[in-house]
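Working notes, beginning with the structure itself.
Residue numbers (my numbering): -6 to 210.
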């Protein structure tokens, strides 16, 4: 009886095994597709950021690029008496003026601690830019002091109306007025004078002659 029951139970057939294998393969494929889909749409984990919100790696690359482009930042020099240090590495006192002479230079000789020296004063008119509401050009007028051999060269070759470029330094001075008041001013001392035009010919067209306007009292 037991043998009869054992032989009568249906066993797995080849078709049923193939069906289960195909079903398992389909299930595995569906799981693999779902996993791939999750990896695509699932947000990436947040990166570590500084308090300002910029990624630390990005800020590090930016600092490295700036350091490579601009060079190492120089340390700020210590200030004196609480004042900010100058922006330049060394002091500088220089001025450049380009204009025409308002008069013929007159050479003279003065006595100094180093002996007699030649000196002259150049009257220089420097034209201002024309403003939209102005019809005629205006100019600023300066007196430039020239010493030594440079003064002798200017006296020999320059006349009223010549165009020159002057490189100079500013020198403060102080004096006492006839009424006893203390006065202070600024002298312009030329270190180089460049002639920017040729001397006029006698038969040529006249050179522009700037007229000095007296300063308002």
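Quick reminder that beta carbons are idealized off the backbone N, C-alpha and C, glycines included. Source: prediction; values computed, not measured.
In angstroms, rounded to a whole number, what distance separates the CA positions of residue 170 and residue 176? 7 Å
With 16 other Cβ atoms within 10 Å as the buried cut-off, status of residue 122: exposed
Identified DSSP bridge partners for residue 138: Answer is 114, 182, bridged to residue 138.
At what residues does the beta strand (DSSP E) containing residue 92 begin and finish? For residue 92, the enclosing beta strand (DSSP E) starts and ends at 88 to 94.
Grab the span of the beta strand (DSSP E) containing residue 158 for me, first residue to last. 156 to 169
Distance, residue 98 Cα to residue 115 Cα: 6 Å
Length of the line joining the Cα atoms of residue 137 and residue 168: 18 Å
Taking the DSSP output, what are the residues bridged to residue 132? DSSP output for residue 132 lists 120 as bridge partner(s).
In whole angstroms, what separates the C-alpha of residue 192 from that of residue 181? 25 Å
What residue range is occupied by the uninterrupted beta strand (DSSP E) comprising residue 85? Unbroken run through residue 85: none, as it is neither H nor E.
Can you list, in chain order, the residues of its chain with a C-beta nearer than 7 Å to that of residue 187? Leave out the 5 residues immediately preceding and following it. The beta carbon of residue 187 sits closer than 7 Å to the beta carbons of 157, 158 from its chain, once the five residues preceding and following it are set aside; these are given in chain order.
With the cut-off set at 8 Å, would you say residue 132 and residue 120 are in Cβ contact? Against a cut-off of 8 Å, the Cβ pair of residue 120 and residue 132 comes out as a contact.
On the DSSP letters alone, give me the boundaries of the beta strand (DSSP E) that residue 104 sits inside. 101 to 105
Thinking C-beta only, is residue 111 closer than 8 Å to residue 145? Taking the C-beta atoms as reference points, residue 111 is found nearer than 8 Å to residue 145.
Whole-Å CB distance - residue 117 paired with residue 90, under 8 Å assumed: 6 Å
Which of the three DSSP states is assigned to residue 207 in this structure? Here residue 207 scores only 45 on pLDDT, less than 50, and its place in the model is too uncertain to base an answer on.
Quick check on DSSP: helix, strand or coil for residue 174? coil
Would DSSP call residue 212 helix, strand or coil? In this structure the chain extends from -6 to 210, so residue 212 is not present and cannot be described.
Using a 10 Å radius around the Cβ and a threshold of 16 neighbouring Cβ atoms, would you call residue 23 buried or exposed? exposed
In chain order, what residues of the same chain have a beta carbon less than 7 Å from the beta carbon of residue 100, not counting five sequence neighbours either side? So the qualifying residues of the chain are 111, 113, 144, 145, 148.
Leaving out five residues on either side along the sequence, give the residues of the same chain with a beta carbon under 7 Å from the beta carbon of residue 189. 156, 157, 158
Taking the alpha-carbon of residue 141 as reference, which of 183, 174, 129 has the nearest alpha-carbon? 183
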